[in-house]
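Take a look at the structure set out below.
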Amino acid sequence: MLAEILRAFATTQPMDYLIMLLGVIIGSIVGFLPGLGASQAMALLLPLTYGMDPLRAILLLMSVAGSAPAGGSVAAILINTPGEPLNVATCWDGYPLARQGKGGLALGTAATSSFGGALVGLIVLIAILPLGKRVVLSFSYPEIFTIALGGLVCLIMIEQERLWKGFISLALGMVIVSIGYDPVTGGIRHTFGTMYLWEGIKVVPALVGLFAIGEGIKLVVEDKGEAVGVEKPVSKASYSDVLQGIKAVFKHFWLFLQSSVIGAIVGIAPAIGGGVGNVLSYSIATQTVKDNPHFGKGDIRGVIASESANNSKGGDLVPTVLFGIPGSITCAVLLGALMLHGIQPGPRLIIDKPGIIYGLIIAVFLSSILISSFILLAAPYLSSIPNIPDNILGTVVIILGVLGGYATELDFIDAIVAMIFGLLGYFFLEFGYSKVAVVMALVLGKVMQVNFFLTMDTMGPSGFFVRPIPLIIIILCVFLIIRAIFRREKHSGEEKSFSY
Amino acid sequence: MKMKSFLLITMVVFLLSNTQQAIGQKEKGAFPTKPITLIVLTSPGGGWDTGCRFVAEFWKQHLKVPIVIKNISGGEQLIGPTVMYNSPPDGYTVGTVSSGAVAPVIAGITKFDIKKFEWIGILSDDYYITSASLKSGFKDLDDLKKAKRQILIAIPGFATGDAQGALLMKEKMGLNLKMVTHEGSTPGIMAAIRGDVDLVSAPITSMRKAVIDAKDLVPLWISSPKRLNKLPDLPTLNELGYPEVAKMFALNRLVGAPPGTLPERLEILRKTFRAVLENPKYQSRVRDEWDAEINFASGSEVTRMVEDKITLLQPYEKIIKEGWGKK
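Going line by line, the protein sequences match chains F and R. Our numbering runs 403 ahead of the 1-based position in the first sequence. Our numbering runs 50 ahead of the 1-based position in the second sequence.
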């Protein structure tokens with residue numbers, strides 16, 4: 404297959420590159436702007452692709468999809484604003500690094516991890532395609548439930564130094580996620596008679612509010628040139644800082660590989676949601692690295708964990724290509740585009756139209772190179788954004804956050820939700836509660852609920868213990884909890900604090 | 051003084067009547083003169099969105115103005131129709147409504163009266179294939195009737211033809227079914243392919259890959275009036291003696307306008323929409339690329355079809371209300 408991809412590469416025309424460049428420019432802009440994401444841009448571009456050759460349409464759309472997460476990492480690092488749920492975990496260490504004057508380092512790492520993650524994802528895609536459906540079919544309800552459970556257990560491990568506040572935050576997140584249509588019972592919960600809440604609280608306005616607007620309020624209210632627990636930046640980054648960022652990925656190569664594979668695996672499991680990969684990878688990283696006290700305060704490994712996972716696009720493409728079932732919202736739009744161009748995804752696609760698969764792979768690969776190169780080149784200039792006076796930066800971030808909340812679906816109520824979550828984010832920062840726990844509940848809560856009840860309905864409780872993947876994850880979770888209890892007793896006198 | 055007041059009042063009345071006339075003339079004037087918004091009840095991608103983009107491409111050529119697709123998803127596909135229902139009835143906002151919306155209407159939880167929409171036509175009809183997982187061992191209806199255990203059937207939310215069809219399968223066909231709710235048709239199909247559930251019913255557009263191309267599932271019957279060319283041995287529900295169940299197992303993608311839309315504008319919308327459906331180029335694209343069926347139903351025919359579905363489901367009001375968590 405590799406030889407065929409290389410052959411396809413050789414036949415690409417200059418016009419193909421121009422189209423991909425256009426896709427990358429659009430993708431990086433929508434990725435950077437809060438609230439907007441690849442799926443919205445792809446949907447807007449769909450009508451423009453009607454008259455195009457199908458392969459070129461795919462190149463354009465996949466270039467947008469391939470570059471938006473990396474564009475989002477820039478906003479997450481520099482202004483604490485996740486463009487999409489895909490980038491939320493990048494904020495947790497990327498932003499503190501930027502505030503410490505290490506924006507160049509963080510951007511260098513993010514760009515390299517993004518490209519590397521995309522590459523690993525494509526390798527996974529190429530490796531899995533011939534193995535076919537068995538891999539995708541091995542993910543049933545108990546597997547998805549226990550993967551999400553593993554993420555939550557890892558979170559509790561990070562939060563153990565302020566366990567009660569972590570639990571309260573998690574509980575609040577679970578209450579928020581229970582709003583709306585209950586996919587298990589069919590009931591409508593806590594909507595106060597408004598139809599807006601039927602679909603529950605939308606993740607993007609909530610995340611934009613919690614992180615961007617919350618931080619913006621903090622900057623404006625305090626106006627001390629400081630964010631919680633981090634220092635004022637001192638100087639503009641140089642290319643040597645960016646180079647250090649690139650080197651960091653190679654220094655923590657196993658973490659990078661682990662995170663990329665997690666991202667790809669989460670992508671393969673259909674209907675698990677785009678925001679899960681980076682959050683899960685981050686949580687697991689906190690437990691697998693040797694010492695973790697700097698996580699959440701500006702640990703470069705946090706950026707590697709998030710950015711390698713969110714760009715591991717190949718995983719999403721596996722169920723899309725093999726079953727015609729989208730692994731993410733961007734893949735859903737891609738599926739629509741394929742159908743509009745008369746291409747039926749599914750098991751015969753690789754036999755009937757292999758060029759389309761190669762096009763997908765080439766577009767993701769080249770767009771990742773282009774966007775990562777652009778970030779690396781621009782990093783020293785971009786990294787001076789946090790040097791803007793706090794009150795101005797805070798105001799801009801609040802405005803961008805509110806607009807971002809609105810832009811998601813052009814719904815005014817989304818902007819109000821973003822503002823409410825902004826206030827919540829500010830109070831969380833003030834009183835030391837965990838925004839990460841809320842995010843974990845928002846991202847994983849419904850996935851866990853649905854898959855727990857589906858397991859019970861179809862397999863009974865034994866479903867969690869007779870299948871290898873869930874059993875291994877449950878054993879690992881028990882091991883982590885026991886280890887944490889012992890560590891807690893051992894280090895009970897020491898003080899640690901995390902500032903997410 | 052009295053004369054002055056009289057003259058003033060006369061002038062005001064004259065001005066008002068002229069303004070009214072001018073507005074009336076403007077409303078009766080050329081239509082459309084600005085872009086028309088087409089509200090799609092799902093997010094981008096998927097059958098609804100694809101179908102609307104197909105039709106918009108052709109419809110704009112007849113209307114001579116752009117058609118802006120606005121995806122308003124969520125709330126079991128009810129938020130989009132609600133927004134459309136409450137939009138100004140000036141003809142510039144039209145939208146999609148699923149025939150599956152009759153169940154929530156019966157449950158009394160919608161914020162619109164489905165009978166009050168001004169129907170423009172039907173975007174497409176999609177029929178359902180009911181299939182069994184390879185693991186289940188079921189090969190036909192007789193196998194299902196003889197089953198000594200509970201049969202698990204995957205359904206998406208309750209506002210869908212899938213769920214309402216499954217309800218009628220249980221009640222009218224006497225099958226021992228347990229409905230297992232999934233988040234959408236596709237996770238349900240995957241569950242059946244894995245063998246986690248025994249049965250799944252889904253529109254042909256969603257099911258064809260699993261049934262026709264890959265043979266991952268065993269097709270049991272189809273709800274369309276006639277057999278599928280690609281599956282000539284597959285019986286229809288009518289042939290099996292269940293025409294009422296077949297009626298419920300049809301996803302009609304309805305296109306309508308807000309209640310009270312100006313009649314002359316509605317007529318233009320209906321006429322141009324019909325012209326799109328009759329366009330051979332559009333027909334071949336819909337059938338070949340989208341795999342859906344075109345139905346040339348007029349506004350009144352759509353109203354009658356919606357009323358039929360309500361009548362069919364009304365006896366199960368209690369079950370439907372329980373399904374929506376309303377006692």
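Beta carbons: idealized from backbone N, C-alpha and C, even for Gly. Predicted model only: the values in this text are computed from it and were never measured.
Every unbroken stretch of the alpha helix (DSSP H) spanning 4 or more residues and falling wholly within the region 171 to 205 of chain R is given here in chain order: 191 to 196.
Assigned with DSSP and collapsed to three states, G583(F) falls in strand. The region 406 to 418 of chain F and the region 697 to 717 of chain F do not touch, with fewer than 3 CB-CB distances between them shorter than 8 angstroms. For G306(R), the enclosing beta strand (DSSP E) starts and ends at 300 to 307.
Counted as a single uninterrupted DSSP element, the beta strand (DSSP E) harbouring V147(R) occupies residues 143 to 148. I878(F) counts as exposed, since fewer than 16 other C-beta atoms from the protein chains shown sit within 10 angstroms of its C-beta. At least one CB atom of chain F sits nearer than 8 angstroms to the CB of L202(R). With its beta carbon at least 8 angstroms from every one in chain F, D212(R) lies outside the interface.
One Cα belongs to E546(F), the other to Y142(R), and the distance between them is close to 48 angstroms. Rounded to the nearest whole angstrom, the C-alpha separation of I760(F) and E367(R) is 48 angstroms. Annotation: the continuous beta strand (DSSP E) that includes N121(R) extends over 117 to 121. For T286(R), the secondary structure class from DSSP, reduced to helix, strand or coil, is strand. Ranked by Cα distance from S251(R), the options L287(R), P237(R), I205(R) are led by I205(R).
By the Cβ test, the region 611 to 618 of chain F is in contact with the region 482 to 489 of chain F, since at least three Cβ pairs between them sit closer than 8 angstroms.
With fewer than 16 other beta carbons inside 10 angstroms of its own, E407(F) counts as exposed. Taking a C-beta distance under 8 angstroms as the contact criterion, L555(F) and I582(F) do not qualify as a contact pair.
For V230(R), the nearest CB of chain F lies under 8 angstroms from its own CB, placing it at the interface with that chain.
Shown in chain order are the members of the region 812 to 823 of chain F whose Cβ falls below 9 angstroms from a Cβ of chain R: E812, L813, D814. Within the model, the alpha-carbon separation for N714(F) versus K321(R) is close to 48 angstroms.
Membership of K505(F) in any beta strand (DSSP E) is not indicated, and neither H nor E is assigned to it by DSSP.
Nearest to S643(F) by alpha-carbon distance, out of N681(F), L610(F), L508(F), is L508(F). Against chain F, a Cβ distance below 8 angstroms from E126(R) picks out Y584, W601.
About 14 angstroms separates the CB atoms of T493(F) and V652(F); that is not less than 8 angstroms, and the two are not in contact. When DSSP reads this structure, S251(R) sits in a beta bridge with T180(R).
Of the residues assessed, N490(F) falls on the buried side of the cut-off, its CB having 16 or more other CB atoms within 10 angstroms. Contacts between D719(F) and chain R, judged by CB atoms closer than 7 angstroms, are missing: the closest CB pair is about 13 angstroms apart. In terms of Cα proximity to S274(R), the closest of A300(R), R258(R), E294(R) is A300(R). In this model, S181(R) and P253(R) are separated by some 11 angstroms (Cα to Cα). Closest in alpha carbon position to V587(F), among I531(F), F889(F), F856(F), is F856(F). Within chain F, not a single residue places a beta-carbon under 9 angstroms from that of I318(R); the smallest gap is close to 23 angstroms.
L267(R) has S183(R) as its beta-bridge partners, per DSSP. Per the Cβ contact rule, the region 783 to 792 of chain F is not in contact with the region 600 to 612 of chain F (fewer than 3 Cβ pairs under 8 angstroms). Across the set F167(R), V152(R), V155(R), F108(R), the C-alpha of F167(R) shows the shortest separation from the C-alpha of L312(R). When Cβ-Cβ separations below 8 angstroms define contact, V247(R) makes contact with chain F. Taking the beta carbon of L449(F) as reference, the chain R residues within 8 angstroms of it are P94, R103, listed in sequence order. Rounded to the nearest angstrom, the gap between the Cα atoms of G804(F) and S771(F) is 26 angstroms.
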